[in-house]
Each structure stands twice: as structure tokens, then as C-alpha cells.
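Number of protein chains: 2
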Amino acid sequence: MGKVLVRAFGVSVDGFGAGPEQSLENPLGVGGTQLHGWAFQTRTFRTMFGQDGGSTGVDDAYATRSFENLGAWILGRNMFGPVRGAWPDDSWKGWWGTNPPYHVPVFVLTHHARPSIEMEGGTVFHFVTDGIRAALERAKAAACDKDIRIGGGPATIRQYLQAGLIDEMHLAVAPTLLGSGEPFFDALDLVKLGFTVAEQTPTELALHVVLRRAES
Amino acid sequence: MGKVLVRAFGVSVDGFGAGPEQSLENPLGVGGTQLHGWAFQTRTFRTMFGQDGGSTGVDDAYATRSFENLGAWILGRNMFGPVRGAWPDDSWKGWWGTNPPYHVPVFVLTHHARPSIEMEGGTVFHFVTDGIRAALERAKAAACDKDIRIGGGPATIRQYLQAGLIDEMHLAVAPTLLGSGEPFFDALDLVKLGFTVAEQTPTELALHVVLRRAES
């Protein structure tokens, strides 16, 4: 049976999981790219974006692992795009171009139904309107025995955490301040939810911590 | 003119600056000592507690620096001790024994007046009942041109931050979860307050970041 994972999720020192004012220009909110500095310079991410080179050390190992053994993803509506409310049309197909980096079924949480979209490279976006548990059931069925990654954003991950549905979470604490945006840890008692620090590895660009639920 | 500093202030990955339920047995709250693992093993701290040995690398450099050029300290009432409300008598003289590690005047914020206490080694505890600005004025007068360190706890540091009175802050993010306790970053916009990351150094035991106010 696959696990439900959060991988490569960047948070600032002051606890923000995304910047404020997400928009077409700032998919991660203003300043949000600072959270992912460690990832952008890895060979794994550079290759994904069609670039040469990149680091091959600890940061890259975490980047590679973040895509391993995944059978399905779940994304919040805001991670899928900047459009809010009802879909004006079917033109928005995510931030990632014609061949998104998922290559498996991706379940997008939304209040507004929409037909599935088949992209190049194996990614299919499905739109789920009946809540986080329904999305997880569909993701499990699609993933067979592989893992399911909750991609984000912060609000979506928090919902799954609070429902006790996440088994393991890799956070990368970036040595940066955001000041405002989406506070990730607000009113979240990770100890009470059963998490302990299973791994911790500092690099020049991030403090990597893997949190695992005791019963997992 | 001296600066107003926070030094060697430990926070957990999930943003807590102290554990819950501070008491005589748990001066830093339940689990709070986890925040200071990096410091306890340094030569600087071990020497302070009369022990041999200890690390001499980056963690120790930050530990040493945390005591340099200080002319006065300011502590919140809860950092001074577990007694709440009116002082029952004058018997409580801090957590630190007869010769506390300050060796300069220490101004303790409280709502309950009490005569100053002269300890061994140069530490004098003064009790200030007229607020954080009054305490800072008295500390500045006492420190001459040296720096003033706001020792904690989290609530006291947050008050000075929100009043725009802190110039520089060294935080040590410990690779640990507390789950509950005193959330340090709650409703605190450090970017708006003018802080940027001036230094960042990861070690095996902490992610050290020095935050500095632009105008400082």
C-alpha cells in the first residue's frame, strides 16, 4: 500500500509556506521563489526544466527523492493556477506547459467541476469537487501501490495533516524571511498529530527535515 | 551607542520559542531544552556551567558572540522564574544560582515591584514595573556604550520587536518539533519591521540566521 507524502515543501524561517498575493507573475506568491532556492540549483530540477548542470549533493538527493515512486498527486486549486471562483473557460491548464512534470494522474481540489484534461507525458488533471477524502480515495485507486504526493499549496497540506492523512513530510527550511503570506504551522500541533523528526540534514541552502508519523 | 540585540534564541522548525507549561522542573517549558541542543554542547556553555570540553566550531562561535560586548540584559518575568503574580517573598533569585552568567545589570520586566538584588560576579537584578521602554532606557543608561541583550522569553522579544526596538537578532532554528508552546512568529511581520537575513550558517545542530534591521 502506498504512502501519503509531502515532499520538498519549502518553508521560511518565519514559518511561511508561500508568499502573499499569488498571481500569474508570482505563482508562489511575492517572494515565494526564495523558499525553493535549494531546489532550483539541483541537477534534478534543472534537467526537468531542460537545463544542463546543477548540483549533485544532498539537495539534489532530496530533489530526486521528491519524485520517486509516485503514482498520483493531489493539488489544491491555488497550486493549479491563479484563477479563482468558477472556471471562465477551459483554457487554463496549469503553470507547467504542455508536458507537466507529473507524468501520472493529478487530482485538483476545487469547488467547480470541470472535465479532465489529458496532457502530454502521461499527466492527466482530474478535478475533484467532493473534498479531500474523496480526492485521496481516487488518488489511491489511480496510484495502485505507489505513493501519493500532496503537492500543495500550504492550505491543502494543512487540511490533510489536520485530518491525520499524511504519513511522511519532507520540509526544507530556507534561510530566508517572508514576513507575510501563508503561515504553515499556524495552530498545527505536529507532535500531537504523531510526527517526529526522522531525518535532519543541513545544507548551505536549506535545513532538510523529514517528519514521520509514529504509526506510519 | 550600543545596539539592542537578541542572541542565541532557539526556535523549533514549527516556530516555537519555548515549550508549554513552564515550571521549576521545566524552565524552558516541556521539551524546551531541545531548542538549545546546539548551545549546550559548546565549549562556551560547558565552561559557563563548570564543565570541561565542548565543541569549538561554528556553534561555539555563535555561543561566544552571544555574550560579547554586553552592558545590560533585559528579561521577561517568566524567564526570570516560574513565580507568577505578586512575589510571595524575596527568596526567588533566578534559575542561575548565586553567580548568574550575566555579570552586568539585568532588568526584569514585572508588574510587581521588588528591591534590586545584588548577586555574586557583578550581576544585579533590577525589577522594572513601568514597561518595556522604561526598562530599555534604564538598560541603556547602565550599559554605557555597550550592547543590550533582550534575553527572552519569546513574549518579551516579540514585544520589543513589535515596538521596532531591536536592531539585530540571531536565531538558531533547531531541527526539532515542539508542537505546542509559545509560537514565536505568530502575527509578526519581520520583513515589514525592516529585517533581512544578514548571515546564515547551517550546522549539524542548528540553522543559524542573523537578522538585521535595514536602518540599523
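First to last, the protein sequences are chains A and B.
For the first sequence, counting from 1, position 52 maps to 56 in the numbering used here; every step adds exactly one.
For the second sequence, counting from 1, position 212 maps to 216 in the numbering used here; every step adds exactly one.
Quick reminder that beta carbons are idealized off the backbone N, C-alpha and C, glycines included.
Query	Result
Return the CA-CA distance between S27 of chain A and L181 of chain A, expressed in angstroms with no decimal places.	20 Å
Could you confirm whether any beta carbon from chain D is found closer than 7 Å to the beta carbon of G185 of chain B?	Among the protein chains of the structure shown, namely A and B, there is no chain D.
Express the C-alpha separation of F71 of chain B and E172 of chain A in angstroms, rounding to a whole number.	39 Å
CB-CB under 6 Å to M123 of chain A, same chain, minus the five flanking residues each way: which ones, in chain order?	P104
For I161 of chain A, which residues in the same chain have their Cβ closer than 7 Å to its Cβ, ignoring the five residues on either side in sequence?	V10, F13, I154
Using alpha carbons as the reference points, say which of B:H212, B:F84, B:H116 lies closest to G101 of chain B.	B:F84
Grab me the residues of R88 of chain A's own chain with a C-beta within less than 6 Å of its C-beta, minus the 5 sequence neighbours each way, in chain order.	none
Using DSSP with H/G/I as helix, E/B as strand and the rest coil, what is W42 of chain A?	helix
Span of the beta strand (DSSP E) holding L215 of chain A?	211-217
Report yes or no: is there a C-beta of chain B within less than 7 Å of the C-beta of D171 of chain A?	no
Compare the C-beta of L113 of chain B against all C-beta atoms of chain A and say whether one is closer than 7 Å.	no
Show which residues of chain B have a CB atom less than 8 Å away from the CB atom of D18 of chain A.	G19, F189, L192, L194
Alpha carbon to alpha carbon, what distance is there between V108 of chain B and A145 of chain B?	12 Å
Across the region 13-23 of chain A and the region 181-192 of chain A, are there enough close Cβ pairs to call them in contact, namely three or more that are closer than 8 Å?	yes
Tell me, please, whether the region 36-56 of chain A touches the region 204-212 of chain A by the rule of three or more beta-carbon pairs shorter than 8 Å.	yes
Does V214 of chain B have its Cβ less than 7 Å from a Cβ in chain A?	no
Thinking C-alpha only, which one of A:Q38, A:Y106, A:K196 is nearest E152 of chain A?	The sequence given here has Ile at residue 152 of chain A, not Glu. Checked all of A:Q38, A:Y106, A:K196; the closest Cα to I152 of chain A is A:Y106.
Beta-carbon within less than 6 Å of T4 of chain B's beta-carbon, same chain only, minus the 5 sequence neighbours each way: which residues are those?	No statement about residue 4 of chain B is possible, as the shown extent of chain B runs from 5 to 220 and does not include it.
List, in order along the chain, the chain B residues whose C-beta lies closer than 7 Å to that of T180 of chain A?	V201
Using a Cβ-Cβ distance cut-off of 7 Å, determine whether P206 of chain B contacts chain A.	yes
Say whether chain A places a C-beta atom closer than 7 Å to the C-beta of L39 of chain B.	no
Using a beta-carbon distance below 7 Å, is L165 of chain A in contact with chain B?	no
Going by CA-CA distance only, name the one from A:F49, A:G54, A:F53 that's closest to T60 of chain A.	A:F49
What residues in the region 56-76 of chain B bring their beta carbon closer than 7 Å to a beta carbon of chain A?	none
Let me see if you follow: with CB-CB separation under 7 Å, is L32 of chain A close to chain B or not?	no
Return yes when the C-beta of T200 of chain A is under 6 Å from any heavy atom of the ligand HEM, and no when it is not.	What this structure holds is no ligand at all, so the ligand HEM is not there to describe.
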